[in-house]
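Residue numbers (my numbering), protein chains in the order written: chain A, 1 to 237; chain B, 238 to 468. All C-beta atoms in this analysis are idealised placements derived from N, C-alpha and C, irrespective of residue type, glycine included. The structure displayed is predicted, hence computed values, not measured ones. Here the structure is laid out as structure tokens; the discussion comes afterwards.
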């Protein structure tokens with residue numbers, strides 16, 4: 001998302017899950033399934049609208065996320081506790097089964113990313129170059145949006161829909177500051193994401209805020225980002 | 238019909254009745270020509286004449302009517318006018334390895350770049366001349382029969398521009414490549430191409446490149462379109 005100059009798209013896409021979470025809470029099924037369904041459907045609609053209208057993803061996601069937020073707030077207006085949980089997450093309610101499923105889904109996402117990685121990067125560099133090299137750019141972009149939706153859905157339980165966009169954007173931006181090649185960028189993005197998440201969770205436990213790790217995960221990530229800004233700045237001298 | 242052919246087997250590209258039309262707009266109208274293998278064809282014309290669209294059509298990136306017939310098993314290399322590489326931390330090595338990881342050194346030396354110096358550099362920090370050479374290295378890495386260049390020296394200083402065209406001439410001789418290039422520079426067209434196709438929505442001239450210096454022809458090419466091959 002950072003390389004595609006679509007950082008805000010990653011953030012905004014995360015809010016699209018809210019109506020699905022709300023429906024899960026209201027009708028007693030796993031809210032995450034609702035979130036997944038809304039994210040996937042939105043990704044497909046955004047991709048299709050992008051092809052038809054030639055509008056940028058950021059415009060379409062902007063429209064979709066405000067609509068989703070409005071529907072979600074309307075659905076959960078009488079259950080403020082559930083709304084708060086959907087918006088901010090609650091790690092204390094993450095079960096072992098969910099944790100195992102999240103690991104499995106993450107591995108699947110990594111493998112799929114590996115398969116489309118070259119095509120994706122080539123499409124970012126030049127759509128014409130990619131197409132003339134036999135890459136189906138539209139199909140690759142759709143897979144990419146679905147993958148982002150998948151990753152966002154996994155993170156919602158921990159940081160909530162408001163802050164999960166952080167996980168898509170900030171670790172990658174920090175890695176970009178200190179990377180001169182794709183391998184380093186990929187490895188550092190993952191490492192920074194893992195450090196932000198784990199240190200935020202540990203910090204929330206240390207500060208006796210176990211149900212609110214989201215903001216502390218964000219603070220940890222921003223600290224890493226600021227350090228990489230300093231490193232980049234220092235490297236110019 | 239214009240033709241730069243010696244025998245039928247030498248034709249590498251035949252374009253017949255090619256048109257590209259969008260709602261309320263005709264971009265290319267009834268283009269016809271043939272091209273001989275090993276020729277360098279310059280595509281010229283004013284801004285908005287449809288030159289880049291013509292390339293996109295040859296690469297099958299836009300819907301069209303008419304016929305584009307490449308010779309059998311022709312491999313095409315494409316060098317775009319610009320890249321969005323400045324924000325992507327991709328090294329030259331990673332970029333070239335997307336296409337062919339085994340032929341990087343040869344390809345870079347063919348375009349006058351030292352692989353030791355350049356392979357680990359980030360694409361976004363290369364100078365204009367180095368980036369163009371790296372792109373040409375990308376285009377030739379899998380030994381194409383045809384190279385398409387969309388204004389290959391945009392943003393490149395004059396010395397590098399001359400060097401890039403000289404290098405293209407040598408590549409053409411060495412590897413017997415057919416080259417199609419879009420250029421606004423009349424001297425480049427005269428000195429480095431064999432024939433030229435002037436577009437202004439339709440074909441306004443197709444013939445030998447040395448004629449580009451004729452002021453009357455320049456008025457035809459860059460003035461109001463006078464179409465050849467009208468249906």
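Straight-line Cα distance separating residue j from residue i
i	j	result
residue 417 (chain B)	residue 227 (chain A)	49 Å
residue 205 (chain A)	residue 35 (chain A)	27 Å
residue 149 (chain A)	residue 124 (chain A)	19 Å
residue 224 (chain A)	residue 191 (chain A)	11 Å
residue 414 (chain B)	residue 197 (chain A)	54 Å
residue 240 (chain B)	residue 50 (chain A)	With a pLDDT of 48 at residue 240 (chain B), under the threshold of 50, the modelled position of this residue cannot be trusted, and the question is left open.
residue 450 (chain B)	residue 166 (chain A)	59 Å
residue 453 (chain B)	residue 299 (chain B)	33 Å
residue 238 (chain B)	residue 307 (chain B)	Its pLDDT being 45, under 50, residue 238 (chain B) is placed unreliably by the model, and the measurement read from it follows with that caveat. Those two C-alpha atoms are separated by around 17 Å.
residue 68 (chain A)	residue 16 (chain A)	5 Å
residue 328 (chain B)	residue 363 (chain B)	10 Å
residue 326 (chain B)	residue 155 (chain A)	26 Å
residue 423 (chain B)	residue 163 (chain A)	56 Å
residue 448 (chain B)	residue 61 (chain A)	53 Å
residue 437 (chain B)	residue 254 (chain B)	15 Å
residue 117 (chain A)	residue 427 (chain B)	42 Å
residue 233 (chain A)	residue 52 (chain A)	42 Å
residue 217 (chain A)	residue 262 (chain B)	53 Å
residue 398 (chain B)	residue 266 (chain B)	32 Å
residue 97 (chain A)	residue 292 (chain B)	54 Å
residue 288 (chain B)	residue 259 (chain B)	16 Å
residue 420 (chain B)	residue 66 (chain A)	46 Å
residue 145 (chain A)	residue 31 (chain A)	21 Å
residue 120 (chain A)	residue 210 (chain A)	38 Å
residue 356 (chain B)	residue 342 (chain B)	9 Å
residue 222 (chain A)	residue 275 (chain B)	57 Å
residue 193 (chain A)	residue 174 (chain A)	10 Å
residue 269 (chain B)	residue 383 (chain B)	19 Å
residue 238 (chain A)	residue 81 (chain A)	Since the first residue shown for chain A is 1 and the last is 237, residue 238 (chain A) is missing from the structure and cannot be characterised.
residue 168 (chain A)	residue 54 (chain A)	24 Å
Residues that residue i contacts on chain B, provided the C-beta gap is smaller than 9 Å
i	result
residue 241 (chain A)	What is shown of chain A runs 1 to 237, which leaves residue 241 (chain A) out entirely.
residue 185 (chain A)	325, 326, 327
Under 8 Å from the C-beta of residue i: neighbouring residues of chain B
i	result
residue 128 (chain A)	293, 296, 298, 315, 317
Residues near residue i in its chain [Cβ-Cβ closer than 8 Å; skip 5 each side]
i	result
residue 231 (chain A)	177, 178
residue 320 (chain B)	360, 368, 372
residue 401 (chain B)	366, 369, 370, 373, 389, 390, 393
residue 142 (chain A)	43, 44, 47
residue 77 (chain A)	83
residue 445 (chain B)	431, 432, 433
Residues of its chain near residue i, where Cβ-Cβ distance is below 7 Å and the 5 sequence neighbours each way are ignored
i	result
residue 147 (chain A)	109, 112, 113
residue 340 (chain B)	378
residue 137 (chain A)	123, 127, 130, 131
residue 26 (chain A)	75
residue 257 (chain B)	264, 265, 290, 294, 299, 301
Beta-carbon separation (whole angstroms), residue i vs residue j, contact threshold 8 Å
i	j	result
residue 122 (chain A)	residue 315 (chain B)	Not really, about 12 Å apart at Cβ, beyond 8 Å.
residue 152 (chain A)	residue 14 (chain A)	5 Å
residue 294 (chain B)	residue 430 (chain B)	Not really, about 20 Å apart at Cβ, beyond 8 Å.
residue 391 (chain B)	residue 455 (chain B)	With 8 Å as the limit, residue 391 (chain B) and residue 455 (chain B) do not qualify as a contact, their Cβ atoms being about 21 Å apart.
residue 381 (chain B)	residue 312 (chain B)	4 Å
residue 101 (chain A)	residue 160 (chain A)	About 18 Å; that fails the 8 Å criterion.
residue 171 (chain A)	residue 189 (chain A)	5 Å
Residues near residue i in its chain [Cβ-Cβ closer than 6 Å; skip 5 each side]
i	result
residue 71 (chain A)	19
residue 199 (chain A)	220
residue 40 (chain A)	149
residue 195 (chain A)	none
Partners in chain A for residue i, counting only beta-carbon separations shorter than 8 Å
i	result
residue 321 (chain B)	124, 125, 126
Proximal chain B residues relative to residue i, where beta-carbon distance stays under 7 Å
i	result
residue 242 (chain A)	Outside the shown range of chain A, which is 1 to 237, sits residue 242 (chain A), and nothing can be said about it.
Original post:
Listed from N- to C-terminal order along the chain, which residues in the stretch 353–376 of chain B have their beta-carbon within a distance smaller than 7 Å of any beta-carbon of chain A?
Top reply: 359
**OP:** Select from the stretch 130–147 of chain A all residues with a C-beta closer than 8 Å to any C-beta belonging to chain B, and list them in chain order.
**Re:** 131, 132, 133
Original post:
Residues in the stretch 156–183 of chain A with C-beta within 8 Å of chain B's C-beta atoms, listed in sequence order?
Top reply: 176, 179, 180, 181, 182, 183
Original post:
If contact means a Cβ-Cβ distance below 9 Å, which residues of the stretch 13–47 of chain A contact chain B?
Top reply: none
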